[in-house]
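Trainee:
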Ligand code: TYM
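Residue numbers (UniProt numbering): 12 to 345.
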């Protein structure tokens, strides 16, 4: 049977890339699949976090999931640290994955920067924890943005090696990434060649899911463009990364293909297009931001949802971990 697993780190504000690249697709998948949606707090601490802010961020991401349309009654919604199976399986994967595999991870190189000696060891083995997140549930499909593709490939390598090493054929499935073409990679508003990211120091580089109409309007007004009007066909867009990104965002927000979007907005001047895009973004994000505020006013309610989700999550992973320990040769109570 198919099972979906995905997660977002509770570090700072959720932005349009997280929404269009990931969460919005989850909302669609929940109708047809058994889904587990996680707030990956253990991933967040691979980089130093302020404890008070971390708690707040965990609740904020939870509120965002719900405000975006994830139904906590129908799906499992919890924060990672409430299910110890993630940490346990990650340790085992630390012993399955090879140094060479992790050395190839581009996200580690980006996040560790020049001072690699000073990066936490957790940041280095982070992809093993991500593999554990997915495989602890024997999830088959993982809806993510394109930046997570390499980690998904590593997850498949780990599953394959575990299955081979322990002669446990097909024990772990090889999970498939589910990446939506139209919003696989939302770029920075300041530089169309850089991905939109929570860690970009410029607030003007991203639109946050909780931004109000004035912030959205201001950020789009300042968004980088080029002097030409919008093209009427996709040809040549590769050389106009900012135009391509804004058209892509418009298309994703209005659920149009690239071709349909160009038909709708092609030939316009950026000034007019930005006004349209602002109205569109406000109409999509406005209700989400309002609902997040409403949910954040009752943290105990959010904590209750996470606690219940944690319980349901453990129910799925505990028998799988029991099998894992047996396969490895650990002595356990029955
Ligand atoms: P994170 O928290 O960086 O991002 C959450 C999701 O948002 C997507 N995303 C984007 N999509 C399109 N354009 C962008 N500019 C953009 N920026 C972010 C990401 O691809 C992701 O889907 N390692 C993961 C979290 C994680 C996870 C997992 C995901 C931990 N365990 C297991 C899936 C399954 C991460 O750091 O995502």
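We treat Cβ as the ideally placed atom computed from N, Cα and C, and that holds for glycine. Note that the coordinates shown come from a computational prediction; the quantities given were computed from them, not determined experimentally.
To which residues does DSSP link residue 16 through a beta bridge?
Mentor: DSSP, once it has assigned bridges, lists 47 as partnering residue 16.
Trainee: Sorry if obvious, but does the Cβ on residue 133 come closer than 7 Å to a heavy atom of the ligand TYM?
Mentor: Checking every heavy atom of the ligand TYM against the Cβ of residue 133, none is found closer than 7 Å.
Trainee: Distance, Cα to Cα, residue 302 vs residue 78?
Mentor: Approximately 5 Å, taken between the alpha carbons.
Trainee: When DSSP labels each residue in this structure, what does residue 190 get in the three-state scheme?
Mentor: Coil at residue 190, not helix or strand.
Trainee: Can you check which of these residues, 113, 231 and 19, is closest to residue 292 by C-alpha distance?
Mentor: Out of 113, 231 and 19, 231 has the C-alpha closest to the C-alpha of residue 292.
Trainee: In chain order, what residues of the same chain lie with their CB nearer than 8 Å to the CB of residue 339, ignoring the 5 residues before and after it?
Mentor: So the qualifying residues of the chain are 103 and 177.
Trainee: Could you tell me whether the stretch 148-155 touches the stretch 35-46, where touching means 3 or more Cβ pairs closer than 8 Å?
Mentor: Cβ pair count under 8 Å is three or more, so yes.
Trainee: Exposed or buried, residue 139, counting other C-beta atoms within 10 Å across all chains shown (16 or more means buried)?
Mentor: That one is buried.
Trainee: For the pair the stretch 158-169 and the stretch 318-337, tell me if three or more CB-CB distances fall below 8 Å.
Mentor: These segments do not touch.
Trainee: On the three-state DSSP scale, how would you describe residue 220?
Mentor: Reduced to three states, the DSSP call for residue 220 is coil.
Trainee: Please give me, in chain order, every unbroken run of the alpha helix (DSSP H) with length at least 4 that falls completely inside the stretch 276-325.
Mentor: The qualifying runs are 281-307.
Trainee: Looking at the strands, I want to know which residues DSSP matches up with residue 169.
Mentor: The partner list for residue 169 (beta bridge, DSSP) is empty, contrary to what the question assumes.
Trainee: Taking residue 300 and residue 203 to be in contact with their CB atoms under 8 Å, please state how far apart those CB atoms are, rounded to whole angstroms.
Mentor: Contact doesn't hold; Cβ gap of about 25 Å is too wide.
Trainee: Applying the 10 Å Cβ sphere with the 16-neighbour rule, what's the burial state of residue 342?
Mentor: With fewer than 16 Cβ atoms within 10 Å of its Cβ, residue 342 is classed as exposed.
Trainee: According to DSSP, simplified to helix, strand and coil, what is residue 36?
Mentor: It is helical.
Trainee: Among the residues of its own chain, which have a CB less than 8 Å from the CB of residue 244, if the five just before and after it don't count?
Mentor: Around residue 244: 273 and 277.
Trainee: Can you name the residues that DSSP bridges to residue 209?
Mentor: None; residue 209 has no bridge partner.
Trainee: Under 7 Å Cβ to Cβ from residue 145, same chain only, skipping five residues before and after it: list those, please.
Mentor: So the list reads 16, 153, 166 and 186, once near-sequence residues are dropped.
Trainee: Looking at the structure shown, is residue 90 part of a helix, part of a strand, or coil, going by DSSP?
Mentor: In the structure shown, residue 90 sits in a strand (DSSP, three-state: E or B).
Trainee: Is DSSP giving residue 332 helix, strand or coil here?
Mentor: Note: residue 332 maps to helix in three-state DSSP.
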